[in-house]
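Scroll down for the structure; my scribbles are underneath it.
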Amino acid sequence: MSAAAATTGTVWGALAEFDSPAALYKAAERVRDAGFEQWDTHSPFPVHGLEKAMGLKRSMVPLAVLVFGLAGAAAGMGLQWWVATRAYPLVISGKPFFSWPAFVPIMFECGVLGGATGAVLGFLGFSKLPRHHHPLFESKRFERVTDDRFFISIEAADPHFDRSATVQLLERAGALAVELVEEPA
Amino acid sequence: MNTGTHTGMPHGDDAHAAPSLDRAQVTLKREGAGGLPLIAGALGVVLLAVAFIVGKGDPAQLFHSYLFNWVYFAMLSLGGLFFVLLQHLTRAGWSVVVRRLAEAVGATLPVTAILFVPIAFGVRAIYPWASEAAAHDPVIAHKSGWLAPGPFVVRAAIYLVLWSLLGWWFWRQSERQDRMGALQITRRMQSVSAPSMLVFAITLTLASFDWVMSLSPRWYSTVFGGYLFGGLAMSSFALLIVLALLLQRRGALGGVVTMEHFHDLGKLMFAFVVFWIYIAFAQFMLQWYANMPEETNWFAARLNPGWLPLTRALVVGHFVIPFFFLLMRDVKRVRWGLWASALWLLLMEWLDIYWLIMPSLYHDGPRLRLLDVLTFLALGLLFAGALAWTLRRRALVPVNDPRLVESLAFENV
Amino acid sequence: MAEAVLHDVDAHVAAYDVDRDVDPIDHRPPLILGAPDFHSITEAVARPIEWKPPLGWWIVLGISLSMLALLGVAVAWLFWEGIGVWGNMIPVAWAWDITNFVFWVGIGHAGTLISAVLFLVRQRWRTSINRAAEAMTLFAVACALLFPTIHTGRPWLDYYMLPVPNQMGMWPQFRSPLMWDVFAVSIYGTVSLIFWYVGLIPDLATMRDRSREGTLAQRLFGLFALGWRGSHRQWQHYERAYLLLAGLATPLVLSVHSVVSFDFATAQLPGWHTTIFPPYFVAGAIFSGLAMVITLMVICRVAFKMEHIINLLHFDRMAQLILATGSIVGYAYSTEFFVAWYSGNLYEFFTFRNRAMGPYAWAYWTMVTCNVIVPQLFWFKKLRVNIPVLFVASIFINIGMWFERFVIIVTSLHRDFMPANWDYFHPTIWDISTLIGSFGLFFTLFTLFVRFLPMVAMSEVKGVLPQAHAQPHVTPPSVPYRQEEGAPA
């Protein structure tokens, strides 16, 4: 409770530190079962199965890839069709203006480019990146999240959040340490 | 294809512990239909006899029908061998629970080999290079030392004997491990798998040149072996899916082969749908582009007004539909999706072989004659009978395989 | 800590047994030796970036930079004087330039194989080398793009190749395979960059969090880390996106070298026009790229003390892949030769006989020796984990694969349909300088990469350590088994 007492400003949420993926996994299940919605786990690498422990829905990135990929392929074929039959028709080696077999490679490449764009935009969009400022970065302890430590953060904005009860929940869930993170001034 | 390195695997002695499997899970119940292999085999032989009587007056029709159906079932049984080789080569863990099914498929290769015999007698009725007229064609005369009935049959015998030996050997070794559980057997199968894969690649290529490509003796395509391989690999995964689903309907393999394994088989099937169109497109586009008459004649025979609809249907049915269907993750994890896609692709493989072979008989467009159906049924029944026999003789899972534990616990990430 | 781990590795290597440590049957071998903890992985990978670089690094950089300077001179002279400075002639036009282009594109392919294809087939050993291999891909593609860019000696006209409205009212001719190349290679470079960068984000965040407050390094790492917090809600999308990028990169890598092969195979020239080219070029590309990965990793793992992360298991797996792809290449050589005879096409067969016995027989047999005979060493387990053998063989394979493109291009062209045109190709000093210079570009970029960015994917390596699993490995349930939905009861 020492961490909780030390704060003076607006609390953004609680941050609990764990020392292993297994501890994080168990704690995540407890936080999920306590009914929290606005919370997250943090780890230096993706912990297998954690989405189940957190009760997350499936990522929608594939949909973005499909839409962008098909659009890219259509644009690739459309460009070639337009250039070869409308903008600049040329007779080359006696082949028809719209020589579809010759247009397949570029159509395919454009489809892949579209799909890759969709994947990266979908990833950034759904995970709300880039976001260079975040209250969690105020925590010194949190620097180890990209090295060897595992964290759970619960936002104060969550209706179930209660300063002391939430900190207690995290401590009982096996946290090494729990601190309250303030909104940056 | 998980070859290597699942770090979550138990290390040390744990892995040796043979998992306790229920007898019902790993064997086929015999009650009722104990004579199924025999009945199917006998019926197949009868139908074959009928086909030969019906086709007596029209050897060209008879032997073309026979050849195309035989190649289809030969590709299916060879697909079993390919799957087994691939799993040993890559030290795969996930696939152990379905490997016995593939071994059983590969073990039917001797039957396939025997069924080649009629083709050996029908060479003159099938292959233009064996006709009198061929001697006057300088291009064909050039290779008369290679494309001649004698060398053709000898080569076929070599391919088929090698495949039969390999198919039989892997099945027997794996079955020995069921009884003895020796790790050394796995080590031996792994060592043999690499050179066998080389043998498989070379013989399949030459076989595809001999049996299929030489139907148009002036035509050549260096990737033709790869084309046939694409369909073979795809249908080997499709056949395993169908077999596992069938066996589960009969109450075996419950909880052994799970949706995780089906999902992986489905992914591989999808991968080879794409591989097939890749090779097919490359072969077509390059010859279309260069537009040299000695090459385009083969495609011209398949793009004439009679054949064009089937050629288009093949592109749509063998690629477009399964591609978009199997692109969806969930259909690879539900039974109806697996049934539909695997059976569909087995049908498409059949159509593909038909499309490769039959234009040399039906010049004006596809036909489906009684003999096509009869030989399909006859060879299909013989294949099914042989497969039912090999499946019944052994456990349906390599129960003492050192990686069975890993396979049973396998989950897609 | 890291020293202790390396000490363990030495002990481990001293008592090495291939069957037990690299290819065991009864268990899966550990991928990272010495049982390191998460933190020591961070330390080992971050060290080359945070420490003062050793003298050796400066020497390599110096040599690379001087080769790069040579490229600058060669290219400047080319632009000043025109392509007459090259050995171009008719019938063998642009032989050297195209050989280098295809060689470098090919090198790139192994990076994508390791990062994408091996990811899809769950080869988790790839985590130790995928970052460096992907970087190699990017730099190789950069070298490859150099050659078409300069090939007219008039690079300010390169925009002719782009589908942009221009003052001439002209548009590119999309039925030309050379246009397919423009798209294939530039999209390949772009997608590889995206894939590499997405994979880097978590590691950039690690470097950000390790950098001292207020330094330029911290700002730059922080900027490119995009505010990564390692949150599982982010990881979840990250992993999906990464999987899909791998799924896209796999057919992409197949298509790129296929398209490169189309440059040749769509022509009617004997020795070029053959349908096996697409898969055969792809296999050859991966084959050569793997050799380059081995060359680079043999040096890097020692120079940066990463023998426990990049260990003999990794080399064994790469050598197996080299054997597999090398066999496909050998298979393609034989098939081509056989079909050249089988086709009954006199020109086709002449070309192949000329390759083996004509004036370029020396190049042909160099190619066969390096690409078909040398990889046969890797049938032997002991040689697959023998570092000196691997290193020497990898260099031979690189040479062989350069010669493969040389043989394909030059031998097919130098005997064209009209004997009056027959000639022998001689590269000039500027041809050779450009080739050496392209290696300078490649090694300069790679040397800078290993110094300034994490050359091993830390977050992925941590994920394959045994302690990375949240739940202790569940032994499979004994009977009765859990029923799948819809399974018969």
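Sequence order for the protein chains is S, P and L.
In terms of our numbering, the first sequence opens at residue 51 and continues consecutively.
In terms of our numbering, the second sequence opens at residue 122 and continues consecutively.
In terms of our numbering, the third sequence opens at residue 9 and continues consecutively.
Glycine is no exception: its CB is placed at the ideal position from the N, C-alpha and C atoms.
Treat the numbers as computed from the prediction; the structure is a model and nothing was measured.
- Taken in chain order, the members of the region 260-279 of chain L whose beta-carbon sits within less than 9 Å of a beta-carbon on chain P are Leu-262, Ser-263, Ser-266, Ser-269, Phe-270, Ala-273, Thr-274, Ala-275, Gln-276.
- Against chain L, the CB of Asp-90/S has a partner CB under 8 Å away; the residue lies at that interface.
- Between the region 224-242 of chain P and the region 504-512 of chain P there are three or more inter-stretch CB-CB distances shorter than 8 Å, so the stretches are counted as touching.
- Contact of Ile-195/L with chain S by beta-carbon distance below 8 Å involves Glu-159, Cys-160, Val-162, Leu-163.
- Listed along the chain, the chain P residues whose CB falls inside 7 Å of the CB of Glu-344/L are Thr-343.
- C-alpha of Ala-169/S to C-alpha of Leu-208/L: approximately 15 Å in a straight line.
- Interface with chain L (8 Å Cβ-Cβ cutoff): Thr-196/S is included.
- Relative to Phe-272/L, the option among Val-93/L, Ala-103/L, Ala-82/L, Glu-89/L whose CA is nearest is Ala-103/L.
- Counted as a single uninterrupted DSSP element, the beta strand (DSSP E) harbouring Ala-227/S occupies residues 227-232.
- Beta-bridge partners assigned by DSSP to Ser-203/S: Leu-65/S, Asp-90/S.
- Residues are counted here when their Cβ sits less than 8 Å from a Cβ of chain S; for the region 452-475 of chain L these are Met-466, Ser-467, Glu-468, Lys-470, Gly-471, Gln-475, given in chain order.
- Trp-419/P is a Cβ neighbour of Trp-340/P, given a cutoff of 8 Å.
- Not one beta carbon of chain S lies nearer than 8 Å to the beta carbon of Phe-242/P.
- Straight-line spacing of the CA atoms in Val-167/P and Phe-358/P works out to 30 Å.
- With respect to chain L, the C-beta atom of Gly-347/P has a partner C-beta closer than 8 Å.
- Annotated three-state conformation of Ser-342/P is coil, per DSSP.
- DSSP places Ser-239/L in the strand class (E or B) of the three-state scheme.
- Residues Leu-459 of the same chain have their beta carbon placed closer than 6 Å to that of Phe-383/P, with the five preceding and five following residues left out of the count.
- The Cβ atoms of Val-344/P and Gln-404/P sit closer than 8 Å to each other.
- Chain order gives the chain L residues near Thr-307/P as Ile-33, where near means a beta carbon separation below 8 Å.
- Interface residue (Cβ-Cβ distance to chain S less than 8 Å): Met-406/P is classified as such.
- A residue is called buried once 16 or more other Cβ atoms fall within 10 Å of its Cβ, and Val-282/P, having fewer, is exposed.
- Rounded to whole angstroms, Asp-83/S and Lys-107/S show a C-alpha spacing of 16 Å.
- Between Asn-379/L and Ile-98/L, the C-beta gap is not smaller than 8 Å, which leaves the two residues out of contact.
- In the three-state reduction of the DSSP assignment, Val-260/P falls in the helix class.
- Residue environment for Ile-40/L: buried (at least 16 other C-beta atoms within 10 angstroms of its C-beta).
- By the Cβ neighbour-count rule, Gln-208/P is buried, with 16 or more other Cβ atoms within 10 Å of its own.
- DSSP, read as helix, strand or coil, puts Gly-243/P in helix.
- Shown here, Leu-354/L sits in a helix according to DSSP, grouped into three states.
- Annotation for Ser-296/L: the continuous alpha helix (DSSP H) segment containing it runs 285-311.
- The closest CA to that of Leu-126/L, considering only Glu-344/L, Tyr-250/L, Ala-401/L, Pro-56/L, is found on Tyr-250/L.
- Per DSSP, the continuous alpha helix (DSSP H) segment holding Tyr-196/L begins and ends at 185-218.
- Where Phe-173/P is concerned, the enclosing alpha helix (DSSP H) starts and stops at 157-175.
- Here Gly-243/P is buried: its Cβ has 16 or more other Cβ atoms, across all protein chains shown, within 10 Å.
- In this model, Ala-114/S and Gly-172/S are separated by some 6 Å (Cα to Cα).
- One thing to note: Asp-431/L has its Cβ within 8 Å of the Cβ of Val-100/L.
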